[in-house]
Each structure stands twice: as C-alpha cells, then as structure tokens.
C-alpha cells in the first residue's frame with residue numbers, strides 16, 4: 678500500500694465537540710483478541726508519538742521489503758526494492774493535523790500499525806503493517822475493524838478510502854472480503870521518487886478502494 682509522507686497520533690485535550698468535529702483518541706485501549714494467532718494476551722491500541730518513529734520504521738520495512746518480509750504474505754519484495762518509509766515520513770504522519778498513526782501492541786511490544794487520516798466526509802487508511810510472523814492468523818481483520826470503528830467515532834465519517842497497487846491482486850481480494858470495492862479510479866506510481874521504493878516493473882499504478890461505514 679502506498680506510503681503517505683504527508684499524513685497518516687497526537688495528544689489532544691478532550692473538549693465538547695459539535696457534530697463532525699474530531700474527538701480525542703484513547704491513549705491505550707485493550708481489546709480482547711478473538712482470532713487465533715501467535716503470541717498471547719490481548720491487543721491494545723494507542724496513538725503513536727515521535728518516540729515511536731524508529732519502531733514504526735522497522736515494522737513497516739519488515740512487512741514489505743527485503744527477504745525477511747517474505748515470512749508474511751503482504752511482502753512487496755517481488756515488485757519493489759528500496760525503502761518503504763523513513764523516519765521523516767513517519768514523523769510527518771504522526772504530527773500532521775487530522776492524522777493518527779494507530780499502534781497495536783501485544784505484551785508490551787508493537788506488532789502492527791495503521792494510518793488514519795481525515796479527508797472531508799471520508800477517512801483514509803494507510804501505512805498498514807503487521808509483523809510478518811503474525812500475518813495470516815486473523816490479526817489484520819481485528820485491526821481494520823477497529824480502525825473503521827475509530828474513524829466513525831473520531832470524525833463521524835461515512836466512508837473509508839485506501840489506495841492499493843493494482844498488481845497486488847491477493848491483497849485487493851483480502852480487502853474486498855472486508856467490504857471494500859474497487860472503483861476503477863487509478864493514479865500513477867511515482868516513478869523516480871525513491872521515497873516510494875525502486876520499482877522492479879514498469880506497470881505499477883494505484884487504485885482507490887472504498888468502503889461505506891454504516
């Protein structure tokens with residue numbers, strides 16, 4: 678999935694809000710895990726802070742780049758070399774207005790993350806990464822469901838948007854099973870911009886996927 682340098686938490690003081698205004702995010706919310714997966718204990722969610730940047734960079738790189746990422750099924754190692762993100766990009770996601778970098782912890786360790794960004798009447802979902810050895814056991818389903826719940830609560834939005842590289846058919850099919858639909862609306866891959874990786878093929882494009890949140 679496309680790395681967003683400009684967006685997708687920051688601490689906010691809870692205040693009374695009008696409909697549609699953002700709410701503060703819980704610092705850490707334990708959620709019992711119901712899916713079978715490696716490890717023990719519940720998962721907890723919290724908004725990232727700048728001290729978390731090195732951990733997030735390592736997590737994202739491990740899920741998408743290099744041979745180590747092949748331990749999971751989300752790897753992009755066959756289509757992209759180079760980096761997936763960098764400290765500056767992650768810091769920008771954490772500090773951007775209307776953006777939350779949600780961390781998922783188990784037994785005190787960060788095991789996954791995702792970006793949530795407010796875009797008018799919709800939220801954007803990005804920078805989704807799960808430790809390779811924990812993939813394929815149901816954790817991703819729990820995280821995306823929690824992300825959808827949170828954007829409804831935070832921003833009162835009615836849709837979740839994301840962009841996925843079109844050649845990643847298995848990943849797109851996974852999102853379709855979660856209720857996302859392909860729109861046919863595509864955008865070019867930023868060839869020549871090494872912040873997004875070094876492409877190994879010349880046909881990469883992003884497609885917008887959308888899910889109504891009801």
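In my numbering, the protein residues as written are 678 to 891.
Heads up, the beta-carbon is just placed ideally off N, CA and C, and yes, glycines get one too.
Taking the alpha helix (DSSP H) that residue i belongs to, which residues open and close that run?
i: residue 809; result: Note, residue 809: premise wrong, no alpha helix (DSSP H); not H, not E.
i: residue 796; result: Careful: residue 796 lies outside any alpha helix (DSSP H), inside the beta strand (DSSP E) at 786-796.
i: residue 780; result: Per DSSP, residue 780 belongs to no alpha helix (DSSP H); it is in the beta strand (DSSP E), 776-783.
Just to confirm the assignment, what range does the beta strand (DSSP E) spanning residue i have?
i: residue 868; result: First-last for residue 868: undefined, no H or E at that position.
i: residue 769; result: Taken as a continuous stretch (DSSP letters only), residue 769 belongs to no beta strand (DSSP E), being part of the alpha helix (DSSP H) at 764-772.
i: residue 892; result: There is simply no residue 892 to check, as the chain begins at 678 and stops at 891 in what is shown.
Per DSSP, what kind of secondary structure is residue i in: helix, strand or coil?
i: residue 883; result: strand
i: residue 729; result: helix
i: residue 742; result: coil
i: residue 841; result: strand
i: residue 757; result: strand
i: residue 848; result: helix
i: residue 875; result: strand
i: residue 817; result: helix
i: residue 829; result: helix
i: residue 707; result: Legend: pLDDT at residue 707 = 43, less than 50; position of this residue unreliable, value from coordinates given subsequently. Residue 707: strand per DSSP, three-state reduction.
i: residue 855; result: coil
i: residue 890; result: coil
Out of the options, which one is the CA nearest neighbour of residue i?
i: residue 781; options: 805, 795, 845 and 756; result: 805
i: residue 728; options: 877, 764, 876 and 884; result: 764
i: residue 742; options: 876, 787, 839 and 858; result: 876
i: residue 733; options: 762, 745, 719 and 754; result: 762
i: residue 719; options: 735, 788, 871 and 859; result: 788
i: residue 778; options: 816, 784 and 795; result: 795
i: residue 756; options: 838, 835, 888 and 868; result: 868
i: residue 797; options: 813, 817 and 776; result: 776
i: residue 790; options: 800, 771 and 890; result: 771
To which residues of the same chain is residue i closer than 7 angstroms at the C-beta, ignoring the five residues directly before and after it?
i: residue 758; result: 874, 875 and 877
i: residue 865; result: 882
i: residue 848; result: 751 and 841
Got a sec? Which residues, its chain only, sit under 8 angstroms from residue i by beta carbon, not counting five neighbours each side?
i: residue 860; result: 884, 885, 886 and 887
i: residue 708; result: Confidence at residue 708 is low in this model, with a pLDDT of 40, below 50, so its placement is unreliable and the value that follows should be read with caution. The answer, listed in chain order, is 719, 720, 721, 722, 819 and 823.
i: residue 862; result: 884 and 885
i: residue 745; result: 739 and 809
i: residue 768; result: 727 and 730
i: residue 792; result: 681, 684, 685, 770, 776, 777, 778, 779, 801, 802, 803, 804 and 805
(message) Measuring CB atoms only, is the segment 809-816 touching the segment 824-835, in the sense that at least three cross pairs come out at less than 8 angstroms?
(response) no
(message) Three Cβ pairs or more, each shorter than 8 angstroms: is that satisfied between the segment 838-857 and the segment 882-890?
(response) Segment contact: the segment 838-857 against the segment 882-890, three or more CB-CB distances shorter than 8 angstroms; contact assigned.
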